[in-house]
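Notes for the one structure printed next.
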Amino acid sequence: AFLGTFRRPPPCFSAPYPNPRRPRAQKTIERAGYIYKGSHSGWYAVSDECFYTDSQVQDAPLSSACAAPRKIAIESGSAVEWTSEENYKFRLSALQPRLLDWLATPGTVFPDWRRHELITALERDPLPDLSISRPRQRLSWGIEVPGDAEHTIYVWVDALTNYLTVLGYPFDGQGQAQAWPADVQVVG
33 AFLGTFRRPP PCFSAPYPNP RRPRAQKTIE RAGYIYKGSH SGWYAVSDEC
83 FYTDSQVQDA PLSSACAAPR KIAIESGSAV EWTSEENYKF RLSALQPRLL
133 DWLATPGTVF PDWRRHELIT ALERDPLPDL SISRPRQRLS WGIEVPGDAE
183 HTIYVWVDAL TNYLTVLGYP FDGQGQAQAW PADVQVVG
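With the working numbering applied, the sequence shown corresponds to residues 33 to 220, in that order.
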């Protein structure tokens with residue numbers, strides 16, 4: 033009974049539960065070529081449930097003369113191990129030119145020196161594609177990737193898709209112009 037309360041949205045919400053548009057939205061993004069299955073490798077900390085890049089890890093101090101060298105995450109100090117697995121990925125790299133074009137307009141990011149900082153970073157380093165899932169055997173408690181029971185989608189991807197579908201995505205006609213861009217976005 034208690035869980036049923038959360039499954040029934042208040043009358044002021046127009047979106048049904050579960051959201052029937054969510055799988056369609058994810059498939060639309062996939063058909064557009066932004067989602068693909070590929071190999072993902074990196075330094076993985078089990079305790080952090082996080083992949084780290086080479087610049088985010090360091091050699092751990094040796095605790096004794098017998099200790100084997102190992103790597104740790106700089107941010108948390110957690111032990112990391114090199115891991116490779118097949119994941120679904122979001123093709124963020126394909127959006128880099130559009131992001132640079134958008135950032136070329138003053139007023140898109142405040143303060144302006146941060147906008148210049150972003151432009152410099154994006155011109156120096158290519159955006160990597162993002163892993164958006166984990167194999168179900170490594171992460172069993174999450175939401176299934178639509179159409180693939182062997183993978184669990186990251187919760188932020190599912191949430192983003194839900195936000196988009198509430199706005200009417202996949203958009204038809206004037207829907208996108210009415211829903212996006214937002215007046216203000218706060219990140220931090």
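Each residue gets a CB set at the ideal place from its N, CA and C atoms; glycine is no exception.
Kindly list the residues whose CB is nearer than 6 Å to the CB of ILE61, restricted to its own chain and excluding five residues on each side of it in sequence; keep chain order.
Mapped onto the sequence shown, residue 61 falls at position 29. Excluding sequence neighbours, ILE61 sits near ILE67.
Residues near PHE38 by beta carbon distance below 6 Å, same chain, minus five either side:
For the purposes of this step, residue 38 is taken as the residue at position 6 of the sequence shown. For PHE38, the pLDDT reaches just 46, beneath the cut-off of 50, and the residue's location in the model is therefore unreliable, although a value from the coordinates is still provided. Residues of the same chain with their beta carbon placed closer than 6 Å to that of PHE38 are lacking, with the five preceding and five following residues left out of the count.
Neighbour flag for LEU154 against chain D, beta carbons, 9 Å
Of the chains in the structure shown, none is chain D; there is only one protein chain.
Beta-carbon contacts of GLN88 that lie in its chain and below 8 Å, excluding the five residues immediately before and after:
Translated into positions along the sequence shown, residue 88 becomes position 56. Taken in chain order, the residues that qualify are TRP75, ALA105, ILE106, GLU107.
Name the two residues that bound the continuous alpha helix (DSSP H) containing ARG146.
Counting from 1 along the sequence shown, the entry for residue 146 is found at position 114. Residues 144-156.
For THR85, which three-state DSSP category applies?
The residue given as residue 85 occupies position 53 in the sequence shown. Coil.
Have a look at ARG102 and PRO138 and give me their C-alpha separation to the nearest angstrom.
Translated into the one-based positions of the sequence shown, residue 102 becomes position 70. Translated into the one-based positions of the sequence shown, residue 138 becomes position 106. C-alpha separation (whole angstroms): 45 Å.
Expressed to the nearest angstrom, what Euclidean distance is found between the alpha-carbon atoms of TYR195 and GLN58?
Mapped onto the sequence shown, residue 195 falls at position 163. Mapped onto the sequence shown, residue 58 falls at position 26. CA-to-CA, the gap between TYR195 and GLN58 works out to about 12 Å.
Nonlocal neighbours in the same chain, by C-beta distance under 8 Å from ILE175, ignoring five residues either side
Position 143 of the sequence shown, counted from the start, is the residue given in the question as residue 175. Only THR184, ILE185, VAL187, ASP190 meet the Cβ criterion.
Alpha carbon to alpha carbon, what distance is there between ALA100 and GLU81?
Translated into the one-based positions of the sequence shown, residue 81 becomes position 49. Translated into the one-based positions of the sequence shown, residue 100 becomes position 68. One C-alpha to the other measures close to 23 Å.
Can you check DSSP and say which residues form a bridge with PRO160?
In the sequence shown, counting from the first residue as 1, residue 160 sits at position 128. Under DSSP, PRO160 shares a beta bridge with no residue.
Buried or exposed: where does ARG146 fall if 16 or more other Cβ atoms within 10 Å of its Cβ makes it buried?
On the sequence shown, position 114 is the one that residue 146 refers to. By the neighbour-count rule (16 or more Cβ atoms within 10 Å), ARG146 is not buried but exposed.
In the structure shown, what three-state DSSP assignment does THR137 receive?
Residue 137 sits at position 105 when you count from the first residue of the sequence shown. Correct three-state label for THR137: coil.
Out of PHE142, SER71, HIS148, which one is the CA nearest neighbour of ASN119?
Working through the sequence shown from its first residue, we reach residue 119 at position 87. Comparing alpha-carbon positions, the option among PHE142, SER71, HIS148 lying closest to ASN119 turns out to be SER71.
Roughly how many angstroms lie between the CA atoms of GLY200 and LEU192, to the nearest whole one?
By one-based count along the sequence shown, residue 200 stands at place 168. By one-based count along the sequence shown, residue 192 stands at place 160. Approximately 13 Å between the Cα atoms of the pair.
Determine which residues share a DSSP beta bridge with GLY70 and list them.
Numbered from its first residue, the sequence shown carries residue 70 at position 38. ASN119, per the DSSP bridge assignment.
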